[in-house]
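Chemist:
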Amino acid sequence: MNKTRLVVVGNGMVGHQFLQSLADSGQLADFEVTVFCEEPRLAYDRVYLSSYFSGSTAEDLAMGKIEQYQEWGLNVLINEKVVEINKADHLVASDKGTTLSYDKLVMATGSYPFVPPVPGHDREHCLVYRTIEDLEAIKASAAKGKVGVVVGGGLLGLEAAKALRDLGLETHVVEFAPRLMAVQLDDMGGALLRSKIEALGVKVHVCKNTQQIVDGENCVHRMEFADGEVLETDLILFSAGIRPRDQLARESGLAVGERGGIVINNQCQTSDADIYAIGECALWDGRIFGLVAPGYTMAKVTVAQLTGGDSEFAGADMSTKLKLMGVDVCSIGDAQGRTPGAKNYTWLNEADGTYKKLVVSPDNKILLGAILVGDAEAYGTLLQYMLNEIQLPEFPESLILPSRNDDAQTGLGVAALPETAQICSCHDVSKGDIRQAVAGGCCSLGDVKGETKAGTGCGGCVPLLTSLVNHELEELGVEVSHDICEHFAYTRQDLYSLVRVGNIHSFEELMEKHGKGGKGCHICKPAVGSVLASCWNNYVLDSKHVKLQDTNDTFLANMQKDGTYSVVPRVPGGEITPDKLIAIGQVAKEYNLYTKITGGQRVDLFGARLEQLPDIWSKLIDAGFETGHAYGKSLRTVKSCVGSTWCRYGVDDSVGLAIELEDRYKGLRSPHKIKFAVSGCTRECAEAQSKDIGVIATENGWNLYVCGNGGMKPRHADLFATDLDKETLIKYIDRVLMFYIKTADRLQRTSVWMENLEGGLKYLQDVVINDSLGLGDELESQMAHVVETYECEWKKTVNDEQALKRFRQFVNSDKPDSNVVFVQERGQIRPAREEEKAEPIVMVG
Amino acid sequence: MTAAQEWIHICNLDDLVADSGICALVGERQVALFYIPEQKQVFAIDNYDPVGKANVLSRGLIGSAEEKLFVASPLYKERYCLESGECLDNDELVLDTWQTRIDGERLLLDPQPFNRVALKQAG
Numbered sequence: 001m002n003k004t005r006l007v008v009v010g011n012g013m014v015g016h017q018f019l020q021s022l023a024d025s026g027q028l029a030d031f032e033v034t035v036f037c038e039e040p041r042l043a044y045d046r047v048y049l050s051s052y053f054s055g056s057t058a059e060d061l062a063m064g065k066i067e068q069y070q071e072w073g074l075n076v077l078i079n080e081k082v083v084e085i086n087k088a089d090h091l092v093a094s095d096k097g098t099t100l101s102y103d104k105l106v107m108a109t110g111s112y113p114f115v116p117p118v119p120g121h122d123r124e125h126c127l128v129y130r131t132i133e134d135l136e137a138i139k140a141s142a143a144k145g146k147v148g149v150v151v152g153g154g155l156l157g158l159e160a161a162k163a164l165r166d167l168g169l170e171t172h173v174v175e176f177a178p179r180l181m182a183v184q185l186d187d188m189g190g191a192l193l194r195s196k197i198e199a200l201g202v203k204v205h206v207c208k209n210t211q212q213i214v215d216g217e218n219c220v221h222r223m224e225f226a227d228g229e230v231l232e233t234d235l236i237l238f239s240a241g242i243r244p245r246d247q248l249a250r251e252s253g254l255a256v257g258e259r260g261g262i263v264i265n266n267q268c269q270t271s272d273a274d275i276y277a278i279g280e281c282a283l284w285d286g287r288i289f290g291l292v293a294p295g296y297t298m299a300k301v302t303v304a305q306l307t308g309g310d311s312e313f314a315g316a317d318m319s320t321k322l323k324l325m326g327v328d329v330c331s332i333g334d335a336q337g338r339t340p341g342a343k344n345y346t347w348l349n350e351a352d353g354t355y356k357k358l359v360v361s362p363d364n365k366i367l368l369g370a371i372l373v374g375d376a377e378a379y380g381t382l383l384q385y386m387l388n389e390i391q392l393p394e395f396p397e398s399l400i401l402p403s404r405n406d407d408a409q410t411g412l413g414v415a416a417l418p419e420t421a422q423i424c425s426c427h428d429v430s431k432g433d434i435r436q437a438v439a440g441g442c443c444s445l446g447d448v449k450g451e452t453k454a455g456t457g458c459g460g461c462v463p464l465l466t467s468l469v470n471h472e473l474e475e476l477g478v479e480v481s482h483d484i485c486e487h488f489a490y491t492r493q494d495l496y497s498l499v500r501v502g503n504i505h506s507f508e509e510l511m512e513k514h515g516k517g518g519k520g521c522h523i524c525k526p527a528v529g530s531v532l533a534s535c536w537n538n539y540v541l542d543s544k545h546v547k548l549q550d551t552n553d554t555f556l557a558n559m560q561k562d563g564t565y566s567v568v569p570r571v572p573g574g575e576i577t578p579d580k581l582i583a584i585g586q587v588a589k590e591y592n593l594y595t596k597i598t599g600g601q602r603v604d605l606f607g608a609r610l611e612q613l614p615d616i617w618s619k620l621i622d623a624g625f626e627t628g629h630a631y632g633k634s635l636r637t638v639k640s641c642v643g644s645t646w647c648r649y650g651v652d653d654s655v656g657l658a659i660e661l662e663d664r665y666k667g668l669r670s671p672h673k674i675k676f677a678v679s680g681c682t683r684e685c686a687e688a689q690s691k692d693i694g695v696i697a698t699e700n701g702w703n704l705y706v707c708g709n710g711g712m713k714p715r716h717a718d719l720f721a722t723d724l725d726k727e728t729l730i731k732y733i734d735r736v737l738m739f740y741i742k743t744a745d746r747l748q749r750t751s752v753w754m755e756n757l758e759g760g761l762k763y764l765q766d767v768v769i770n771d772s773l774g775l776g777d778e779l780e781s782q783m784a785h786v787v788e789t790y791e792c793e794w795k796k797t798v799n800d801e802q803a804l805k806r807f808r809q810f811v812n813s814d815k816p817d818s819n820v821v822f823v824q825e826r827g828q829i830r831p832a833r834e835e836e837k838a839e840p841i842v843m844v845g
Numbered sequence: 846m847t848a849a850q851e852w853i854h855i856c857n858l859d860d861l862v863a864d865s866g867i868c869a870l871v872g873e874r875q876v877a878l879f880y881i882p883e884q885k886q887v888f889a890i891d892n893y894d895p896v897g898k899a900n901v902l903s904r905g906l907i908g909s910a911e912e913k914l915f916v917a918s919p920l921y922k923e924r925y926c927l928e929s930g931e932c933l934d935n936d937e938l939v940l941d942t943w944q945t946r947i948d949g950e951r952l953l954l955d956p957q958p959f960n961r962v963a964l965k966q967a968g
């Protein structure tokens with residue numbers, strides 16, 4: 001069979017989704033696909049565009065990857081625009097002179113920002129907000145000015161305003177309509193949103209009709225409004241809606257709407273049956289869909305049509321849930337109550353800054369629409385009521401009134417949802433799909449996400465998805481257990497709170513008060529040992545605690561495969577004197593240890609026998625060393641570059657800060673190991689962005705990054721706060737670490753903890769920077785306790801007769817373990833392999 | 846089975862670590878000793894970890910699973926029943942065990958090892 005020659009014009013989010021769906025369909029092999037991408041880069045996430053100004057890079061936003069496209073066998077033409085479609089001969093021509101025949105053609109040309117044709121709209125520093133190139137222009141422009149105006153107070157306009165604020169401009173929003181988000185909200189919702197946004201320092205001007213833009217007196221521009229008022233600004237960003245990019249279709253003779261948009265039918269075909277149009281360029285039933293989810297649906301419909309399926313586009317729900325500058329805003333269905341006879345229920349709480357409204361049918365039985373501002377919790381439930389026309393409770397207001405006591409929540413039980421209820425709108429996953437996935441063997445939220453993609457788009461459905469998955473598992477008789485092990489019916493977080501609140505100081509006490517009896521096990525004992533150490537910071541080899549420790553903590557060294565240990569003295573910040581280096585060398589030589597430089601800028605000494613550890617440590621302590629905690633779930637190292645002291649490019653003293661941080665947090669026990677790094681400039685030689693806590697010097701102070709990771713699953717750290725003085729930096733690190741210790745799961749690194757934190761980075765910033773939970777002082781004083789009570793465990797151990805008793809191979813003999821055998825390799829020892837042990841060889845060591 | 850041998854004095858109770866392990870050399874054998882004060886009992890099993898192939902079991906963590914006391918290997922975490930020597934995570938692994946007795950402050954051990962599987966097979 002000949003392959004179908006398929007040309008895809010446009011590689012935005014919807015164009016990319018089309019290719020992804022085609023690949024997912026498994027029938028890619030039947031097509032010879034050419035993709036024209038007019039922008040200089042492949043598809044990227046425009047929904048999160050404003051994050052470009054808060055640390056995301058073009059790479060972070062990227063959706064289409066060239067390697068992926070090549071693997072799929074697509075012919076991709078970047079920076080090349082289709083300028084002509086010859087329908088009669090089935091040919092396309094590009095601006096670079098490429099001419100191609102096609103059998104089927106898909107137009108995903110998207111939209112462009114509408115710029116009102118007021119005089120002066122084309123002046124310099126008058127920009128739009130749509131592409132990464134636009135963002136770069138905005139950044140360049142913002143660097144020269146102090147004031148920025150966004151024209152348009154809709155969804156995108158407010159996103160753009162956030163971007164300008166993040167760039168440090170005095171920010172104004174100018175809206176033609178009498179309220180913000182005129183399409184999605186009503187007057188009261190718009191007013192509340194306005195007051196919240198103004199509280200964040202953005203000035204809002206409504207009912208403003210811009211007449212012209214001229215030279216300003218104090219700023220670059222002066223905007224003159226119809227009401228006679230004026231506003232001076234250095235930068236103007238137009239975000240007054242979008243218009244479909246239909247010019248190519250128009251010129252090619254395809255039918256377009258009166259006010260723009262390529263006309264499509266339910267199969268997403270244009271007036272030429274071999275040409276499809278999807279996304280914001282398409283006009284279906286007289287409507288343009290300016291959201292990404294309907295575009296994705298069109299992409300899937302088109303794939304189905306091309307591969308012999310019969311699904312059709314049937315319109316899309318335009319309900320939205322967003323966070324605009326940290327304010328939750330939701331709009332569902334007929335939010336403004338335009339349905340004849342519709343009745344409203346409203347609830348306004350100006351003290352808390354929440355507004356909720358229900359629009360119900362005249363008979364009070366069906367939810368037609370809703371608005372939520374300031375509290376989005378009810379969104380999932382309300383959306384399901386509306387989409388599935390589920391009968392409302394007797395008193396519909398119960399759905400939005402706050403519950404002031406422990407009354408049963410009025411949220412819609414997942415059991416009540418019909419099979420067809422759409423749970424995830426981004427990936428169009430229904431309740432039936434989820435049930436099927438669970439019945440098919442998915443046993444956790446993670447499994448279901450992987451199998452169905454539900455919850456992996458905007459994430460808005462995750463709470464609903466979680467309760468559905470748990471419900472389905474329980475229905476199947478699978479107990480959803482979050483217990484740490486058979487001895488405690490609690491998670492690690494629960495145990496931490498129980499220990500703190502109950503002032504519990506031993507494993508026995510915790511078992512007696514909250515456990516199920518027994519001796520505990522290798523899961524709960526080290527976890528409780530770690531929690532007790534995090535809270536009270538007692539000596540880990542105290543007789544009460546010693547039995548809780550894993551062997552590495554018991555012997556304060558790292559067990560290797562042959563039962564010997566490695567020893568790592570602390571070298572704060574990686575700075576070490578020649579005398580100390582020599583001392584390490586002498587100890588290694590004396591005990592014939594294998595030495596290796598670690599990634600954390602210190603020296604690891606391998607092959608120490610259990611009975612040698614105290615002597616080795618006595619010598620290291622005499623030479624001025626402390627334990628490096630390489631064995632503990634605790635702070636390991638603070639890596640640093642050489643910084644401004646020596647480096648030509650250094651901006652600040654990274655080594656000095658690294659030493660200070662390492663000395664502050666050494667010995668801190670936590671759910672997993674913690675690594676830091678400090679770089680003295682943005683060249684980032686210390687690789688701070690791959691660490692749990694990373695600090696980078698800038699001209700204006702320290703930038704703090706959190707929750708990065710190398711290892712098995714690398715994660716780039718998130719930029720947490722910028723331009724900090726040292727005091728604030730330490731305050732934030734104290735809070736982040738203690739909050740991690742308080743809330744993380746057993747053996748959960750900060751990277752996974754962050755990914756699982758509901759609300760993610762923003763939430764953590766709120767807790768730490770804005771002290772949204774009121775925990776700040778508590779977290780700091782808990783950290784202060786740990787810092788004040790630090791002592792070197794090895795210094796204590798070498799002076800503790802009772803503890804030293806355990807550092808013997810045999811209780812009744814001074815012989816060494818005969819099974820520990822070394823051979824020489826590259827001038828040092830290494831453990832003998834089993835077959836080498838069988839041969840009579842000269843033992844060393 | 847050979848005739849009962851003399852019980853030998855290994856160490857005193859204060860050499861043991863409550864709810865944790867130490868190791869003794871009995872002839873050529875390494876014996877891991879675990880002291881459980883609430884039962885006033887000392888369990889003795891082979892110190893050699895057959896999976897990790899190293900003498901380390903005395904340095905493992907003690908726990909209980911459905912009443913059974915076990916030690917988890919510090920290398921790869923297999924659990925061995927302190928009483929029977931059986932591996933709870935792999936039916937094919939059974940360690941030798943030894944009988945112990947507390948006599949005042951002294952810990953005594955019968956140097957003749959038992960093996961659950963060998964005993965069963967012997968009837």
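Line order of the protein sequences matches chains A and B. Note that the first sequence covers residues 1 to 845 in my numbering. Note that the second sequence covers residues 846 to 968 in my numbering. Don't be surprised by glycine CBs; every beta carbon is placed ideally from N, CA and C. Keep in mind the model is a prediction, meaning the values are calculated, not measured.
Name the chain B residues that come within less than 7 Å of residue 522 of chain A, Cβ to Cβ?
Modeler: Residue 522 of chain A reaches chain B at 906, 908, 917 and 922, counting residues in chain order whose Cβ is nearer than 7 Å.
Chemist: Please list the residues of the region 801 to 817 of chain A that have a C-beta atom closer than 8 Å to any C-beta atom in chain E, keeping them in chain order.
Modeler: No chain E appears in this structure, whose protein chains are A and B.
Chemist: Quick one: which chain B residues come within Cβ less than 9 Å of residue 819 of chain A?
Modeler: 875, 893, 898, 899 and 900
Chemist: If the cut is a Cβ gap below 9 Å, which residues of chain A does residue 947 of chain B touch?
Modeler: Simply none; closest approach about 15 Å.
Chemist: Where do the N-terminal and C-terminal ends of the beta strand (DSSP E) with residue 77 of chain A fall, by residue?
Modeler: 75 to 78
Chemist: Secondary structure at residue 917 of chain B, three-state DSSP: helix, strand or coil?
Modeler: strand
Chemist: Using the beta-carbon of each residue, which ones in chain B are nearer than 7 Å to residue 563 of chain A?
Modeler: Here the neighbours are 899, 900 and 901.
Chemist: I want to know whether the region 242 to 262 of chain A touches the region 177 to 190 of chain A - three or more CB-CB distances under 8 Å.
Modeler: no
Chemist: Is the separation between the beta-carbon of residue 650 of chain A and that of residue 694 of chain A shorter than 8 Å?
Modeler: Against a cut-off of 8 Å, the Cβ pair of residue 694 of chain A and residue 650 of chain A comes out as no contact.
Chemist: Please report the distance separating the alpha-carbon of residue 589 of chain A from that of residue 583 of chain A.
Modeler: In a straight line, the C-alpha of residue 589 of chain A is about 10 Å away from that of residue 583 of chain A.
Chemist: Whose Cβ in chain B lies nearer than 9 Å to the Cβ of residue 525 of chain A?
Modeler: 906, 907 and 908
Chemist: I'd like to know whether the C-beta of residue 414 of chain A is nearer than 8 Å to at least one C-beta of chain B.
Modeler: no
Chemist: Please classify residue 707 of chain A as buried or exposed, where buried requires at least 16 other C-beta atoms within 10 Å of its C-beta.
Modeler: buried
Chemist: What did DSSP end up calling residue 874 of chain B once you bin it into helix, strand or coil?
Modeler: strand
Chemist: Can you list the residues of chain A that residue 860 of chain B reaches, using a CB-CB cut of under 7 Å?
Modeler: 805 and 811
Chemist: Taking Cβ positions, are residue 852 of chain A and residue 504 of chain A nearer each other than 8 Å?
Modeler: As shown, chain A starts at 1 and ends at 845. That puts residue 852 of chain A outside it, with no answer to give.
Chemist: Do residue 871 of chain B and residue 954 of chain B have their beta-carbon atoms positioned less than 8 Å apart in this structure?
Modeler: Less than 8 Å separates the beta-carbon of residue 954 of chain B from that of residue 871 of chain B.
Chemist: Find the nearest neighbour of residue 415 of chain A within the set A:427, A:469 and A:443, judged by alpha-carbon distance.
Modeler: A:469
Chemist: Residue 525 of chain A to residue 808 of chain A, Cα distance in whole Å?
Modeler: Whole-angstrom Cα-Cα distance: 24 Å.
Chemist: Using a C-beta to C-beta distance shorter than 8 Å, which residues of chain A count as neighbours of residue 864 of chain B?
Modeler: 519 and 547
Chemist: If I measure Cβ to Cβ from residue 716 of chain A and keep anything under 7 Å in the same chain, skipping five residues before and after, which residues do I get?
Modeler: 689 and 708
Chemist: Under the DSSP definition of a beta bridge, which residues are partnered with residue 212 of chain A?
Modeler: A:224
Chemist: Among the residues of its own chain, which have a CB less than 7 Å from the CB of residue 894 of chain B, if the five just before and after it don't count?
Modeler: 901, 902, 918 and 920
Chemist: Please return the same chain residues whose Cβ sits closer than 7 Å to the Cβ of residue 336 of chain A, not counting the five positions on each side in sequence.
Modeler: 186
Chemist: Between which two residues does the alpha helix (DSSP H) holding residue 298 of chain A run?
Modeler: 292 to 306 is the span of the alpha helix (DSSP H), which, as asked, contains residue 298 of chain A.
Chemist: Just verifying my parser: in three-state terms, what is the DSSP assignment at residue 121 of chain A?
Modeler: coil
Chemist: So what does DSSP say about residue 409 of chain A, is it helix, strand or coil?
Modeler: Low confidence applies to residue 409 of chain A: its pLDDT is 43, below 50, so where it sits in the model is not reliable enough to give any reading.
Chemist: Taking only beta-carbon atoms, is residue 712 of chain A less than 8 Å away from chain B?
Modeler: no
Chemist: Just to make sure I have the definition right: I need the residues of chain A whose C-beta is within less than 9 Å of the C-beta of residue 890 of chain B. Which are they?
Modeler: Simply none; closest approach about 15 Å.
Chemist: Three-state secondary structure (DSSP) at residue 424 of chain A?
Modeler: strand
Chemist: Just verifying my parser: in three-state terms, what is the DSSP assignment at residue 492 of chain A?
Modeler: helix
Chemist: On the CB-based measure, 16 or more other CB atoms within 10 Å of its CB, does residue 154 of chain A come out buried or exposed?
Modeler: buried
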